[in-house]
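There are 2 protein chains.
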Amino acid sequence: MSVLANEALASYQKNGFLECELGFTDVEVKVLRELADSEFERDSPARVLEKDGRTVRAVHGSHLWNDGFARLVRSSRLLGPAMAALGGPAYVHQFKINAKRAMRGDVWPWHQDFIFWKLGDGMPEAKAINVAILLDEANDINGPLLVLPGSHRLGTLETERRGSSDKWESHLSADLKYAIDAPMLADLTRDRDIVSIKGKAGKVFLFDPQLVHGSGANMSPVDRRILLVTYNSVDNIPDPVANPRPEFLAARDFTPLEPLEEDSFN
Amino acid sequence: MSVLANEALASYQKNGFLECELGFTDVEVKVLRELADSEFERDSPARVLEKDGRTVRAVHGSHLWNDGFARLVRSSRLLGPAMAALGGPAYVHQFKINAKRAMRGDVWPWHQDFIFWKLGDGMPEAKAINVAILLDEANDINGPLLVLPGSHRLGTLETERRGSSDKWESHLSADLKYAIDAPMLADLTRDRDIVSIKGKAGKVFLFDPQLVHGSGANMSPVDRRILLVTYNSVDNIPDPVANPRPEFLAARDFTPLEPLEEDSFN
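In the order they appear, the protein sequences are chains A and B.
For the first sequence, my numbering gives the first residue as 1, with consecutive numbering after it.
For the second sequence, my numbering gives the first residue as 1001, with consecutive numbering after it.
Given below as structure tokens:
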């Protein structure tokens, strides 16, 4: 099974993120894109639209019903590094594909993920990890993921809380409920530089739930999609909450995943 | 008087833009920023807000009432290259400062300028030039100006016409009336790469009214302002139009400007 070298793990722990190549071939990327297309086309509450009411912003929970994605999240190439970083067995808390649509996809304001999972889903600790696969090339023009190295070590930041809605939809739009404002970002960038995650389709990117991140507009003529799997440690099962989000946003099944012997999802 | 070297002029004509250093010192940039601040603070119809109704997106026509800017547009450092590119005397058709406010400033969709001046202001030909000064550093994070080299030679492109409003305000928002859509941008980028105009505050950038350009979101914690002066040739005086835009958007005075002997605006 694929694991993280000690050096890579140390870098992940220090910076809160790690860029890596896990050998996703062009053919595999093509398969993932086709699987993604089928999810984007299917009308479902798990599909979130942009403010324009017609452009698909993201799909969620596809691993629950899409066989290819069910195998992908159990692929040793993703699950192995996740288990290595978490130090033990894990399950998928959240699965999503964010489409930054050409010239229509909105920004993701600067934020940390954990506060959403803690306050929304009852996750006790930030003992989880995001594993992202670029489904399209990411570059300076198409709104790449931007991160603040080391910011995961600051804990949960006191964020601007926008709007009064408690609906889960407000956690998934460009008006994020827990966003980091400009003065706080100014503070955070005083001693750390913003890093853009760029690279070819198939590149993998791990990041900590407390890492401060965001992304700008896609000014290119083509869509720029990222597939994101959030693995949570089985030692970190969420507490019950009053108004749980739908299962496609917050897992109900905490069974540890078994890495697939044969690493294939098509 | 400052003029353009033949080589620089040839490059401008070939690519439709030219990046240059015209010796704006840190002290001069500071003065320009202070002049800009005073315009941004002053309530006026020439001040355009973002969709949020409170963030200033741009100010217009400041050279008509602000002495410092009145001298700036007559500065031989700006007027000289403009006259060289236009091949003769010129006046200011439009003056604006676009503020891409930190984390609040919206995108500028891909567009050409000339169609607005032609249809809105009766400008006969694209015999004008934009001279831009970066008032803040422009980099990949803060939504730099993006251009398509050589696109000015394609003439006026058939654009997507959004909305039905004939109000001039619709020409100045992120929902630009004459915007280039994704399929057209895909066509345009088949044989040309998108170039970002980056650099330190004080850098100057000349571009053709037919050059396809736009800019993304400002994901940095600081504002990123550009001052833009549109010089028009006195051989290219606009024809009368039915509903002229306010003078702060479209000049009424076509007197050719005399370059100032002493090049100072503070």
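Ideal Cβ positions, reconstructed from N, Cα and C, are used throughout, including at glycine.
No experiment lies behind these values; they were computed from the predicted model shown.
Exercise. Apart from the five residues just before and just after B/S1164, which ones in its own chain have a Cβ nearer than 6 Å to its Cβ?
Worked result: By 1-based counting over the second sequence, the position of residue 1164 of chain B is 164. Per-residue confidence for B/S1164 stands at a pLDDT of 45, beneath the threshold of 50, marking its modelled position as unreliable; the derived number appears in the next sentence. Same-chain partners within the cutoff: there are none.
Exercise. Near B/N1218, which residues of its chain fall below 7 Å by C-beta distance, leaving aside the five closest residues on each side in sequence?
Worked result: By one-based count along the second sequence, residue 1218 of chain B stands at place 218. Closer than 7 Å at Cβ, skipping near neighbours: K1100, R1101, A1102, M1103, G1105, N1142, G1143 and R1224.
Problem set entry | Reduced DSSP category for B/S1196 - H, G, I as helix; E, B as strand; rest coil | The residue labelled residue 1196 of chain B in the question sits at position 196 within the second sequence. Residue state, collapsed to three classes: strand.
For this session: Count the other CB atoms, across all protein chains shown, that sit within 10 Å of the CB of B/K1118; report buried if there are 16 or more and exposed otherwise.
Result: By 1-based counting over the second sequence, the position of residue 1118 of chain B is 118. Buried.
Exercise. Are the C-beta of A/R104 and some C-beta of chain B separated by less than 9 Å?
Worked result: Mapped onto the first sequence, residue 104 of chain A falls at position 104. Residue-level contact by beta carbon holds for A/R104 and chain B, with a gap shorter than 9 Å.
Exercise. Would you report the Cα separation of A/V92 and A/H152, rounded to the nearest angstrom?
Worked result: Position 92 of the first sequence, counting from 1, holds the residue named residue 92 of chain A. Position 152 of the first sequence, counting from 1, holds the residue named residue 152 of chain A. Inter-residue distance for A/V92 and A/H152 is about 21 Å (C-alpha atoms, whole angstroms).
Exercise. Is the number of C-beta pairs between the stretch 6-17 of chain A and the stretch 197-215 of chain A that are closer than 8 Å three or more?
Worked result: Verdict: yes, contact present.
Exercise. Straight-line CA distance for A/F40 to B/G1150?
Worked result: As a working note, residue 40 of chain A is residue 40 in the first sequence. As a working note, residue 1150 of chain B is residue 150 in the second sequence. Using only the alpha carbons, I get a separation of about 36 Å.
Exercise. Are there 16 or more other CB atoms within 10 angstroms of the CB of A/R252, so buried, or fewer, so exposed?
Worked result: On the first sequence, position 252 is the one that residue 252 of chain A refers to. With a threshold of 16 other beta carbon atoms within 10 Å, A/R252 falls short and is exposed.
For this session: Pull up the DSSP beta-bridge partners for B/V1147, would you.
Result: On the second sequence, residue 1147 of chain B is found 147 positions in, with the first residue counted as 1. Answer by DSSP bridge pairing, in chain order: B/V1195 and B/H1213.
For this session: State yes or no: is the beta carbon of A/L146 nearer than 9 Å to at least one beta carbon in chain B?
Result: Working through the first sequence from its first residue, we reach residue 146 of chain A at position 146. Answer yes: the Cβ-Cβ gap between A/L146 and chain B drops below 9 Å somewhere.
Exercise. Would DSSP call A/F95 helix, strand or coil?
Worked result: For the purposes of this step, residue 95 of chain A is taken as the residue at position 95 of the first sequence. The answer is strand: DSSP assigns A/F95 an E or B state.
Exercise. Closest Cβ-Cβ distance between A/I226 and chain B: below 9 Å?
Worked result: In the first sequence, counting from the first residue as 1, residue 226 of chain A sits at position 226. False, the Cβ-Cβ gap to chain B never drops below 9 Å.
Problem set entry | Three-state class that DSSP yields for B/E1019 in the structure shown | As a first step, residue 1019 of chain B must be located in the second sequence, where it is residue number 19. The answer is strand: DSSP assigns B/E1019 an E or B state.
Problem set entry | Cβ shell of A/D239 (< 7 Å), same chain only, five flanking positions each side left out | Here residue 239 of chain A corresponds to residue number 239 of the first sequence, with the count starting at 1. Taking C-beta separations shorter than 7 Å and ignoring five residues to either side along the sequence, the partners of A/D239 in its chain run G122 and P124, following chain order.
For this session: Just confirm the distance between the C-beta atoms of B/A1090 and B/S1233, as a whole number of angstroms; I'd bet it's less than 8 Å.
Result: Stepping through the second sequence from its first residue, residue 1090 of chain B is reached at position 90. Stepping through the second sequence from its first residue, residue 1233 of chain B is reached at position 233. About 6 Å separates the beta carbons of B/A1090 and B/S1233, which is inside the 8 Å limit, making them a contact pair.
For this session: Please name the residue in A/H111, A/N98, A/A85 and A/D43 whose C-alpha comes closest to that of A/G214.
Result: Working through the first sequence from its first residue, we reach residue 214 of chain A at position 214. A/G214 has its Cα closest to that of A/H111, out of A/H111, A/N98, A/A85 and A/D43.
Problem set entry | Contact set for A/G202: own chain, Cβ-Cβ below 6 Å, skip 5 residues either direction | As a first step, residue 202 of chain A is located in the first sequence; it is residue number 202 there, counting from the start. The residues are F24 and V29.
Exercise. Is the stretch 1050-1066 of chain B in contact with the stretch 235-249 of chain A, if contact means three or more CB pairs nearer than 8 Å?
Worked result: These segments do not touch.
Exercise. What residues in its chain sit with their C-beta under 6 Å from that of A/F205, if we drop five residues either side in the sequence?
Worked result: Walking along the first sequence from the start, residue 205 of chain A turns up at place 205. So the qualifying residues of the chain are E19, A132 and I197.
Problem set entry | Limits of the beta strand (DSSP E) - the one that B/R1188 falls within | Here residue 1188 of chain B corresponds to residue number 188 of the second sequence, with the count starting at 1. Looking at the sequence itself, residue 1188 of chain B is Leu, so the reference to Arg does not match. It is not in any beta strand (DSSP E) - B/L1188 instead sits in the alpha helix (DSSP H) that spans A1182 to L1188.
Problem set entry | Limits of the alpha helix (DSSP H) - the one that A/L227 falls within | Within the first sequence, the letter at position 227 stands for residue 227 of chain A. The continuous stretches of alpha helix (DSSP H) do not include A/L227, which lies in the beta strand (DSSP E) extending over residues R224 to S233.
Exercise. Do we get a CB-CB distance below 9 Å when we pair A/I141 with the residues of chain B?
Worked result: In the first sequence, counting from the first residue as 1, residue 141 of chain A sits at position 141. Chain B contact via Cβ: present.
Exercise. Taking a cut of 9 Å between CB atoms, which residues from the stretch 194-212 of chain A lie near chain B?
Worked result: For the stretch 194-212 of chain A, the set of residues with a beta-carbon nearer than 9 Å to any beta-carbon of chain B comprises I194 and S196, in chain order.
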